[in-house]
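With the first letter of the sequence shown counted as 1, position 12 gets the number 102 in the numbering used here; the numbers rise by one all the way through.
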Amino acid sequence: MEYSGLPQKQGLYDPKFEHDACGIGFIGNIKGKKSHKIISQAITILKNLAHRGGVGSDPETGDGAGILIQMPHTFMKKVCKNEGIDLPEENAYGVGMLFLSPDIEKRKVSMAQLSKIIEEEQQTVLGFREVPTYAKCIGAGAREAMPRIMQVFIKKNESLKSVIDFERKLYIIGKRAESEIRCGEDADKYFYFSSLSARTIVYKGMLTPDQVNEFYLDLKDVDMKTAIALVHSRFSTNTFPSWERAHPNRYIIHNGEINTIRGNVNWIKAREKMFDTDLFGEDMKKISGIINEDGSDSAMLDNYIQALTLSGYSLPHAVMTAIPEPWENDTGMDETKRAFYKYHSCLTEPWDGPAAVAFTDGTLVGATLDRNGLRPARYYVTSDDTVILSSEVGVLDIPDEKIIRKERLHPGRMLLIDTNEGRIIDDAEIKKIEAEKHPYKEWIDNNLIELTDLDEGTDEFKWHDLVEDLKKKCESQPLIDQNRVIALESLFTNREPEKYDLPLLTRQKAFGYTWEDVITVLKAIVEKGEDAVNAMGTDAPLAVLSEKPQLLYNYFKQLFAQVTNPPIDAIREKIVISTGTLFGSEANLLNPSSENCRRILAESPILSNGDLKRLKSVNRPGFKSVTLSTLFNVNEKGDMEDAIENIFAAADVAINNGCNIIILSDKGVDESKAA
91 MEYSGLPQKQ GLYDPKFEHD ACGIGFIGNI KGKKSHKIIS QAITILKNLA
141 HRGGVGSDPE TGDGAGILIQ MPHTFMKKVC KNEGIDLPEE NAYGVGMLFL
191 SPDIEKRKVS MAQLSKIIEE EQQTVLGFRE VPTYAKCIGA GAREAMPRIM
241 QVFIKKNESL KSVIDFERKL YIIGKRAESE IRCGEDADKY FYFSSLSART
291 IVYKGMLTPD QVNEFYLDLK DVDMKTAIAL VHSRFSTNTF PSWERAHPNR
341 YIIHNGEINT IRGNVNWIKA REKMFDTDLF GEDMKKISGI INEDGSDSAM
391 LDNYIQALTL SGYSLPHAVM TAIPEPWEND TGMDETKRAF YKYHSCLTEP
441 WDGPAAVAFT DGTLVGATLD RNGLRPARYY VTSDDTVILS SEVGVLDIPD
491 EKIIRKERLH PGRMLLIDTN EGRIIDDAEI KKIEAEKHPY KEWIDNNLIE
541 LTDLDEGTDE FKWHDLVEDL KKKCESQPLI DQNRVIALES LFTNREPEKY
591 DLPLLTRQKA FGYTWEDVIT VLKAIVEKGE DAVNAMGTDA PLAVLSEKPQ
641 LLYNYFKQLF AQVTNPPIDA IREKIVISTG TLFGSEANLL NPSSENCRRI
691 LAESPILSNG DLKRLKSVNR PGFKSVTLST LFNVNEKGDM EDAIENIFAA
741 ADVAINNGCN IIILSDKGVD ESKAA
């Protein structure tokens, strides 16, 4: 726990299951006018959100709090001059807010490694500055885990034409530093960038809201000015606090939790091999592993938003992709916008859960709500061009005569302020702009295929090609076991039986049917055409603890919210829930293209025999299916494990031969073969 506040993985505990729920707020000047007053007001908002934060047995050690602001150039110029660091003009340098080891020798090694990485990326290290802090105001637990907090100043190479090009280079430096310093041979487990940017900077830590501007003395300086400030008070309801898990993150602050986080992260890891963009070019390999799995669910979403934004997505586009509004059953939605969401659903899944998210890149600032609207977010617009958004009202004392608008975020809707243009861009306008950037409707109409539009043909797949390819591989790779080849050949060539000789009861037992399933569930469906009424929840024992044989899939359970999810009525559920399932190959998420939506769409994940026939005999450009048997010999020791390995190997062969729909068949069970 020495550096992160998190225990190591042990027994039944794993830190990857951590979640948090928090208080969020931002304040911004619509016209982009910078002032120290914005920081003071943001700190007041934060203090008024203290009840949304958490503390442990030591009331002076907080779960985490912090503030994100625009780069305060005047302030940085002043303090760097005192340190002998000569800063160039605004946007020509970046600042990294660094957590480092308290051990001076380890710290020196980390700083030297970082300087080397910066130079290898053709940028210039201008110097380091120790951030002045007042540690006496924080609790003993926070002090015990406290890193040494430094700032590194990096000059932009003149070959980089724009600030966004420089942001990409800083991102590469940060990703390299994470892997080479934090996870390298002489690992500095404290090493962490709160922020590394030419546009924004983050001051955060294992603090209570009242401690933020007492601990960070920089925040009291009147020369520190900004037009945008995001604040966050963390409540780790079932987690442990740490310095780096405090918010703000680099682009977002988040109240709630992401229930789909493990799936989201796994899918991003799977897709990274296809990521490619001219904006990074050969540097793409340096940023692999874009999701830092040591982070919280919020930090992982932040990693995703940052990667999309620096890869060519606009910030609103990235947020719309990650947190889409409910679009499938909204009959009043514009078809262009619907096509935008439908196209992106072919590329990536929503990061779903009860969530309110505020975001900024230093110019744009905004917020959005999850499709269910399960987290509160309210905002005021005042006559002096100020927007204040928070988890609740009353975070700032504002005279009524100055308030020109009171509103709340609606489910799936976005609030966006562009401080360059000096205006609020409403939800409809920003989404219209994003939806019209590419001909999404044309791409969808020409490429996305409804499963019901496919013919129920006969299975005419040429197995011979797969088997011959397998035999050639065996000849060229003598290490491949001949028995493996025979086993794989049987997976491809075994035909499903035309009829079953086993009694119905035996087959029901083989597939895990119970008397209760038949009497209480199936009977109601067959006789009345309706689902049986059951008590909420389940008291069925876990398969892993059962003394009776269990089906493989009984060992897996869906994850649900760990904190608070209010019940959703059936009407709203119909609007927000999607059951669509896609088949076929994905393409490059970072390159908008008609090929990205060349998929087959089924309205339900439950497929009829007719649906399976359509998939088996699919005869459309870009699609090729194969059926693999999942049966194994129950009388041979270890055969289940061998069978699974054989399925993996067979799938590889099929994919190498152009198959992109793999059907796993459990037909043909008998006395010696189980699925």
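Every residue, glycine too, gets a C-beta built ideally from N, C-alpha and C.
For clarity, every value in this text was computed on a predicted model and none was experimentally measured.
- Per DSSP, ILE413 is not a residue of any alpha helix (DSSP H), being assigned neither H nor E.
- Per the Cβ contact rule, the region 132-143 is in contact with the region 305-323 (3 or more Cβ pairs under 8 Å).
- Every beta strand (DSSP E) of 3 residues or more that sits fully in the region 244-292 is shown, in chain order, as 282-287.
- Counting along the chain, ASP308 sits inside no alpha helix (DSSP H), nor does DSSP assign it H or E at all.
- Contact annotation: LEU188 and VAL242 have beta-carbon atoms nearer than 8 Å.
- The C-beta separation of LEU544 from CYS436 comes to about 17 Å, leaving the pair out of contact by the 8 Å criterion.
- Counting only runs of 4 or more residues that sit fully inside the region 418-494, the alpha helix (DSSP H) segments are 425-435, in chain order.
- In the displayed model, ARG324 falls within a strand according to three-state DSSP.
- By the Cβ neighbour-count rule, TRP605 is exposed, with fewer than 16 other Cβ atoms within 10 Å of its own.
- Shown here, ALA230 sits in a helix according to DSSP, grouped into three states.
- Taking PRO414 as the centre and dropping the five residues before and after it, the same chain places the C-beta of TYR431, HIS434, SER435, PRO440, ARG461, GLY502 closer than 8 Å to its C-beta, in chain order.
- Rounded to the nearest whole angstrom, the C-alpha separation of ALA182 and LYS531 is 41 Å.
- Secondary-structure assignment with DSSP links LEU405 through no beta bridge to anything.
- If you look at GLY156, you'll find it in the beta strand (DSSP E) that goes 155-160.
- The beta-carbon distance between ILE753 and LEU702, rounded to whole angstroms, is 7 Å. This is short enough to meet the 8 Å contact definition.
- Non-local C-beta neighbours of ILE358 in its own chain, meaning closer than 6 Å and more than five positions away in sequence, comprise ILE381, ordered along the chain.
- Excluding residues up to 5 positions away in sequence, THR151, GLY152, ASP153, THR298 lie with their Cβ nearer than 7 Å to the Cβ of VAL145 in the same chain.
- Counted as a single uninterrupted DSSP element, the alpha helix (DSSP H) harbouring GLY353 occupies residues 351-361.
- Assignment of ILE696 by DSSP, reduced to helix, strand and coil, places it in the coil class.
- Runs of the alpha helix (DSSP H) lying entirely within the region 183-209, each at least 4 residues long, are absent.
- Collapsing the DSSP output to three states places PHE116 in a strand.
- By the beta-carbon neighbour count (other beta carbons within 10 angstroms, threshold 16), ASN419 is exposed.
- Proximity of the region 401-414 to the region 516-533 meets the contact definition, three or more beta-carbon pairs being nearer than 8 Å.
- The alpha-carbon separation between ASN624 and PRO631 amounts to approximately 17 Å.
- Around LEU391, the same chain offers ILE342, HIS344, ILE348, ALA412, TRP441 as residues with beta carbons nearer than 7 Å, after the five sequence neighbours per side are excluded.
- Contact between GLY402 and PHE283 is ruled out by a C-beta separation of about 22 Å, above the 8 Å threshold.
- For PHE673, the enclosing beta strand (DSSP E) has its first and last residue at 671-673.
- Burial state of SER580 is exposed, judged by a 10 Å Cβ sphere holding fewer than 16 other Cβ atoms.
- Rounded to whole angstroms, the gap between the alpha carbons of GLU234 and LYS124 is 36 Å.
- HIS344 is bridged by DSSP to VAL447.
- Within the same chain, ILE271 come within 6 Å of GLN203 by CB-CB distance, once the 5 residues on both sides are set aside.
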